[in-house]
Amino acid sequence: MNRHGSGVDRAHPVVDASALRVNQSLIVALVALAFVFGGAGRWLVLFVAASLALGAIWPGRGPFQLFYRHGLRRLGIVQPRPRPDEPSPHRFAQAVGAAFLLIAAIFLFAGVTVAGWLLAWLVAALALVNLLFGFCAGCFAYYQFQRLRRQFSGGTV
Amino acid sequence: MIERLFLAFTLIATIGLAGLLLQTAIRHWRERRFGALTLSPTATSAPRIIAFSGPGCATCRTQRRVLDAVLAEWTGDIDVSYVDAVEAADLARRFGVVVVPTTVVAARNGRVIGINGGLTDHDRLLRQLCDAAG
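Respectively, the protein sequence lines represent chains A and B. Numbering-wise (the numbering used here), the first sequence opens with residue -10 and increments by one. Numbering-wise (the numbering used here), the second sequence opens with residue 3 and increments by one.
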């Protein structure tokens, strides 16, 4: 296992599916909790944004990942489920989630609460859809972008 | 706070239910649209796999390795095609490809057994291949 805990070796990367699901569950739960807290919840939105950003920049060292590894997994509450997969799309999704939540937090601190909560719930909704149905919105958007780029560059679609 | 708690639960339940309805609708649409879809039988009448990928798609490389592992286990004949879904847009559209990787598995007679959007695991592919060969 490399020091990021995300693969046996770079030629055959492995991702812990349980870690991903814990990450997604925490996003949904904490955004919902932040919403329940109302005004004070904007700090929780900021915390989630920072956690995702740290996890994207330093894989395996984000608060959610540390909680999973040293808390849930160590206590045997969640079993690791390694599977062949690339870490990079998941890091990208984390980074995008962090960016959206950061913008949401800025809106909330600026008093633009409707836009702030809409953005925060959008991130939570995408995490929930990925958690429940395995649908990767980023993967979908990426492919559609490639198709459109090909179309507008003069290729046939 | 109670109202917001209720609203939060309602939102989560609504998203979950909407997702489930959408998933069911998509599955029915796929069965109607692609249920009778057939490929031209190969010269060897072997099961076929068409693996759609895209440029810069990291997950597609993982799908390729999973596919290689399945093929290494498979003892019979099998016809595998690797297709760039962006370059072969017409073919991708024919199979309703909306995400890459997408893996199409077809039986010996050309009948499409499954169209798997996203990274498909080893066991699922092997199961579909067994159906295709049966």
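Where a beta carbon is used, it is the ideal one built from N, C-alpha and C, also for glycine.
For the region 122 to 141 of chain A and the region 93 to 104 of chain A, state whether three or more C-beta atom pairs, one from each stretch, are separated by less than 8 Å. Between the region 122 to 141 of chain A and the region 93 to 104 of chain A there are fewer than three C-beta pairs closer than 8 Å, too few to call the two in contact.
Among A:129, A:127, A:67 and A:110, which one has its Cα closest to the Cα of residue 5 (chain A)? Checked all of A:129, A:127, A:67 and A:110; the closest Cα to residue 5 (chain A) is A:67.
Complete runs of the alpha helix (DSSP H) confined to the region 33 to 87 of chain A [at least 4 residues]: If we require 4 residues or more, the alpha helix (DSSP H) runs fully inside the region 33 to 87 of chain A come out as 52 to 56.
With C-beta atoms as the reference, is residue 21 (chain A) less than 9 Å away from residue 22 (chain B)? Their beta carbons are not under 9 Å apart, which means residue 21 (chain A) does not touch residue 22 (chain B) by this criterion.
Select from the region 111 to 135 of chain A all residues with a C-beta closer than 7 Å to any C-beta belonging to chain B, and list them in chain order. So the close ones are 114, 117, 118, 121, 122, 123, 125, 128, 129, 132 and 135.
Cβ of residue 86 (chain A) within 9 Å of Cβ of residue 121 (chain A)? No, the Cβ-Cβ distance between residue 86 (chain A) and residue 121 (chain A) is not below 9 Å.
Taking 8 Å as the threshold, find out whether the region 59 to 73 of chain A comes into contact with the region 13 to 31 of chain A through three or more Cβ pairs. Between the region 59 to 73 of chain A and the region 13 to 31 of chain A there are fewer than three C-beta pairs closer than 8 Å, too few to call the two in contact.
On the CB-based measure, 16 or more other CB atoms within 10 Å of its CB, does residue 117 (chain A) come out buried or exposed? Per the 10 Å Cβ criterion, buried.
If distances are taken between C-alpha atoms only, which option among A:127, A:106 and A:44 comes closest to residue 29 (chain A)? Per the Cα distances, A:106.
Who does residue 131 (chain A) pair with in a DSSP beta bridge? DSSP output for residue 131 (chain A) lists no bridge partner at all.
With a cut-off of 8 Å, do at least 3 Cβ pairs link the region 74 to 91 of chain A to the region 107 to 115 of chain A? The region 74 to 91 of chain A, when compared against the region 107 to 115 of chain A, does touch it at the 8 Å Cβ threshold.
Are the Cβ atoms of residue 117 (chain B) and residue 102 (chain B) separated by less than 9 Å? Residue 102 (chain B) sits away from residue 117 (chain B), with the two beta carbons spaced by 9 Å or more.
Here's a check: name, in chain order, each residue in its chain whose Cβ is nearer than 6 Å to the Cβ of residue 126 (chain A), leaving out the five neighbours to either side. Around residue 126 (chain A): 115.
Could you name the residues of chain B that residue 10 (chain A) contacts, counting a contact when the two beta carbons are closer than 7 Å? Chain-ordered listing is empty here: chain B has no CB closer than 7 Å to the CB of residue 10 (chain A), the nearest sitting near 15 Å.
For the region 69 to 81 of chain B and the region 118 to 128 of chain B, state whether three or more C-beta atom pairs, one from each stretch, are separated by less than 8 Å. Because the criterion of three Cβ pairs below 8 Å is met, the region 69 to 81 of chain B and the region 118 to 128 of chain B touch.
Looking at residue 38 (chain A) and residue 93 (chain A), is the spacing between their C-beta atoms short of 9 Å? Contact: yes.
Using a Cβ-Cβ distance cut-off of 9 Å, determine whether residue 2 (chain A) contacts chain B. Yes, its Cβ sits closer than 9 Å to a Cβ of chain B.
Looking at chain B, is there any beta carbon in it that lies within less than 9 Å of the beta carbon of residue 74 (chain A)? Contact of residue 74 (chain A) with chain B is assigned, a C-beta pair being separated by under 9 Å.
Could you give the C-beta distance for residue 2 (chain B) and residue 110 (chain B), rounded to a whole number, given that I count them as a contact under 8 Å? Coverage of chain B is limited to positions 3 through 136, which leaves residue 2 (chain B) absent and any answer about it impossible.
Helix, strand or coil for residue 115 (chain B), going by three-state DSSP, please let me know. Looking at residue 115 (chain B) - three-state DSSP - the assignment turns out to be strand.
Exposed unless 16 or more other CB atoms sit within 10 angstroms - verdict on residue 123 (chain A): Around the beta-carbon of residue 123 (chain A), fewer than 16 other beta-carbon atoms lie within 10 Å, marking it exposed.
Do residue 56 (chain B) and residue 88 (chain B) have their C-beta atoms closer together than 9 Å? Cβ distance < 9 Å, so residue 56 (chain B) and residue 88 (chain B) count as in contact.
So is residue 69 (chain A) buried or exposed if we call it buried at 16+ other beta carbons inside 10 Å? If you draw a 10 Å sphere on the C-beta of residue 69 (chain A), you find fewer than 16 other C-beta atoms in it, and that means exposed.
Tell me whether residue 137 (chain B) sits in a helix, a strand or coil according to DSSP, three-state version. The structure shown has nothing for residue 137 (chain B), since chain B only spans 3 to 136.
Would you say residue 78 (chain A) lies against chain B (beta-carbon separation less than 9 Å)? Chain B contact via Cβ: present.
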